[in-house]
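To keep things clear, I will list the structure first and then write my remarks on it.
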Amino acid sequence: MLGSFIFVGFCMFLFFFLIRIKKPKNFPPGPRPLPIFGNLLHFNINNPLKDFELLAERYGNVYSLYLGRSPAIVLNGLKAIKEALVTKSADFSGRPQDLLVSHMTEGKGVILADYGPAWKEHRRFALMTLRNFGLGKQSMENRILGEIEHLVAKLEKHAGSVLNPQTLFHDAASNIIYLMLSGTRYEYGEETLNKSVKWITEIAKIINGPWSLIYDTLPWVRSLPLPFMKLFKNNNLLKEMTMNMIKNHKTTRVRGEPRDFVDCYLDELDMVCLCVGIWGKTGSTFNEEQLVMYILNLHMAGTDTTSNTLLTAILYLMAYPDIQERCQKETDEVMEGKSQMSFEDRHNMPYTQAVIHECQRIANITPLSVFHSTTRDTELMGYSIPKGTIIIPNLSSVLSEEGQWKFPHEFNPSNFLNEQGQFKKPEAFMPFSAGPRSCLGEGLARMELFLILVTLLRRFQFIWPKDSGEPDFTPVFGITLTPKPYMMGIRLRQPTREI
76 MLGSFIFVGF CMFLFFFLIR IKKPKNFPPG PRPLPIFGNL LHFNINNPLK
126 DFELLAERYG NVYSLYLGRS PAIVLNGLKA IKEALVTKSA DFSGRPQDLL
176 VSHMTEGKGV ILADYGPAWK EHRRFALMTL RNFGLGKQSM ENRILGEIEH
226 LVAKLEKHAG SVLNPQTLFH DAASNIIYLM LSGTRYEYGE ETLNKSVKWI
276 TEIAKIINGP WSLIYDTLPW VRSLPLPFMK LFKNNNLLKE MTMNMIKNHK
326 TTRVRGEPRD FVDCYLDELD MVCLCVGIWG KTGSTFNEEQ LVMYILNLHM
376 AGTDTTSNTL LTAILYLMAY PDIQERCQKE TDEVMEGKSQ MSFEDRHNMP
426 YTQAVIHECQ RIANITPLSV FHSTTRDTEL MGYSIPKGTI IIPNLSSVLS
476 EEGQWKFPHE FNPSNFLNEQ GQFKKPEAFM PFSAGPRSCL GEGLARMELF
526 LILVTLLRRF QFIWPKDSGE PDFTPVFGIT LTPKPYMMGI RLRQPTREI
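Residue numbers (the working numbering): 76 to 574.
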């Protein structure tokens, strides 16, 4: 009997010895990974941000982890993240292709596509198309202001009472991005809008939650009927909705006269077909499958991040009524005699600009950014990083880094004001990440946040309900952070008028 136990023990030791994880030479330090599980058991998988912070204190600003047997490097602080994503961007601009989110997108689209010709071609197209459609100009501004009219009308109906803003801001953000992509908006409460926002929200919760980490770490569970399967189901429903929208576009478009992003892409596809007809082949990576995932990438990213930032901003403005009042005073002064806000007005509103940026900093919407990977063997801050290593930029470490901010751990607009009270954006402000893979929609998001918040603050006063206890600023962790659900009190400041 004793011999049997010894034999089994020896076999188990031999098994774990053979499958133990060996770190590459000159690899960054980090906690010892376990066979099969890697460093999964080192984290609170419901919210690992504090664990990331503690590991940085122990191992430094560049340390290693293992997702199962896959090596990963966590970058903390401005210096390390800037060196990787900006100075050595070509080496660190890949995307891991064996994670839950990459399997959902099938390597297509523009956000999670790997670094290569297809991504570069589609990134250029997106930037050019956004610029041509007036990002930062009057045409885009008018689309946003048009949606704000509907948002204001909804809030006016609840003036003098309380409202849960969760779905309202998600609906508004979804409509704005979808207007740009397809020229379509839905009335609040319409079934199609409710379904799409619901599916996007459920996808975000799965990506944000423990099942995503389990899927990424333990490949053998991927075929089991576990909760992450709903992500693929919802994604297929969104794909079907998007394909129907593209089909309808084909029947109503006029070639060469694009109305929106989809029309521009279809015009590009026509050029590809023409080249094939003339030369028999083309090096283009444009096709309808790419377009479908392109639309889904931009729609999901543009909905979740903007709406959660707005939710955070309103929460803090209610909790700090003196800051809200000062923003309203500045807004009233700049807007005196004007019927509507303009994005250009931000240059005359240093305090409000500082408040909006501080809301973005404190919201910390994408704390771990979108994971990168190395495109070749490289070095970072003296360490050797092999090709294909997962890179995790811990943006929250920069947004609250000691020495980079006057008040790194508290909500204070002075973080964005110089001694003369002028707006100043520190280098460490990178909620949209940095380098060539920074957020495509940064310009749109900045315009949305300014126009929506300033218009709402001019029209309404937002009050923390007396029966709601104290405000809880603890966010719900995920690939995007979101405030815990709350109610907001609404009081009308100005009578109804045309925006």
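Note that CB positions come from ideal geometry on N, CA and C, so glycine has one too. Keep in mind that this is a model prediction, so the values were computed, not measured.
Original post:
Looking only at its own chain, which residues have a Cβ that is under 8 Å from the Cβ of M562, when we skip the five neighbours before and after it?
Top reply: V237, L238, N239, P540, S543
Subject >> V577 versus N423, T449, M416, F504, residue with shortest Cα-Cα distance >> reply: Look at the range of the chain in this structure, 76 to 574, and you will see that residue 577 is not part of it.
Original post:
If you count every other CB in all the chains shown that lies within 10 Å of the CB of T384, and 16 or more means buried, which is it?
Top reply: buried
Original post:
Hey, which unbroken runs of the alpha helix (DSSP H) at 4 residues or more fall wholly within the segment 186-250?
Top reply: 192-207, 213-231
Subject >> Top-ranked residue by Cα proximity to T555, from L386, G184, P110 >> reply: The residue among L386, G184, P110 with its C-alpha nearest the C-alpha of T555 is L386.
**OP:** Measure the Cβ-Cβ separation of F486 and Y391 and say whether it is below 7 Å.
**Re:** Yes; because the gap between Cβ atoms is below 7 Å, this pair is in contact.
Original post:
Which one of P558, A520, R566 has the shortest CA to CA distance from L532?
Top reply: R566
Original post:
Since F537 is in the beta strand (DSSP E), which residue starts that stretch and which ends it?
Top reply: Run containing F537: 535-538, per the beta strand (DSSP E) assignment.
Original post:
Whole beta strand (DSSP E) runs in the segment 445-520 with 3 or more residues, listed along the chain?
Top reply: 453-455, 458-460, 465-469
Original post:
So I565 is in the alpha helix (DSSP H); what residue range does that whole segment cover?
Top reply: It is not in any alpha helix (DSSP H) - I565 instead sits in the beta strand (DSSP E) that spans 563-567.
Subject >> Nearest-angstrom Cα separation, counted from S271 out to M316 >> reply: 9 Å
Subject >> T557 versus E411 - alpha carbon distance >> reply: Straight-line measurement puts the Cα of E411 at about 34 Å from the Cα of T557.
Subject >> Exposed unless 16 or more other CB atoms sit within 10 angstroms - verdict on F491 >> reply: buried
Original post:
Whose C-beta lies closer than 7 Å to the C-beta of S444 among residues of the same chain, with five residues either side of it excluded?
Top reply: P468, L470, S508
Subject >> Proximal residues to D126 (C-beta, below 8 Å), its chain only, five neighbours per side dropped >> reply: Closer than 8 Å at the Cβ level, and outside the excluded window around D126, lie H117, F118, N119.
Subject >> T441 classed as buried or exposed, judged by whether at least 16 other C-beta atoms fall within 10 angstroms >> reply: buried
Subject >> Bridge partner(s) assigned by DSSP for G169 >> reply: S448
Original post:
Nearest to R451 by alpha carbon, out of R521, D166, A429?
Top reply: D166
Original post:
Is the beta carbon of A155 sitting closer than 7 Å to the one on M456?
Top reply: yes
Original post:
Can the beta-carbon of T53 be found closer than 7 Å to that of A520?
Top reply: With the chain represented from 76 up to 574, any question about residue 53 goes unanswered, as that position is not in the structure.
Original post:
Okay, do the segment 321-331 and the segment 144-159 touch, 3+ Cβ pairs below 8 Å being the bar?
Top reply: no
Original post:
Based on Cα-Cα distance, which residue from D291, R260, I538 lies nearest to I219?
Top reply: When only C-alpha atoms are compared, the closest one is R260.
Subject >> CB contact flag (P285, N121, <7 Å) >> reply: yes
**OP:** Go to L140, then tell me how far its beta strand (DSSP E) extends in each direction, as first and last residue.
**Re:** 137-142
**OP:** Taking only the alpha-carbon atoms, compute the straight-line gap between G184 and M215 and give it to the nearest angstrom.
**Re:** 23 Å
Original post:
Taking Cβ to Cβ, would you say G169 is nearer than 7 Å to G143?
Top reply: no
**OP:** Determine, using beta-carbon pairs with one atom in the segment 194-206 and one in the segment 499-508, whether at least three such pairs fall under 8 Å.
**Re:** no
Original post:
What is the DSSP secondary structure of L585, counted as helix, strand or coil?
Top reply: With the chain running from 76 to 574 in the structure shown, residue 585 is simply not present.
Subject >> Sufficient close CB pairs (3 or more, under 8 Å) joining the segment 329-349 to the segment 132-152 >> reply: They do not touch, by the three-pair rule.
Original post:
Is it the case that the Cβ atoms of N101 and S448 are separated by a distance below 7 Å?
Top reply: no
**OP:** Determine the contact status of G105 and Y138, defining contact as a CB-CB distance below 7 Å.
**Re:** yes
Original post:
Can you list, in chain order, the residues of its chain whose CB lies under 6 Å from that of Q495, leaving out five sequence neighbours each side?
Top reply: None.
Original post:
Expressed to the nearest angstrom, what Euclidean distance is found between the alpha-carbon atoms of W354 and M346?
Top reply: Caution is warranted here: a pLDDT of 49 is assigned to W354, below 50, making its placement in the model unreliable, and the coordinate value is therefore given only provisionally. Using only the alpha carbons, I get a separation of about 12 Å.
Original post:
What whole-angstrom Cβ distance do L174 and F552 have, given they're in contact under 8 Å?
Top reply: Contact doesn't hold; Cβ gap of about 17 Å is too wide.
Subject >> N136 to L150 span [Cα, whole Å] >> reply: 6 Å
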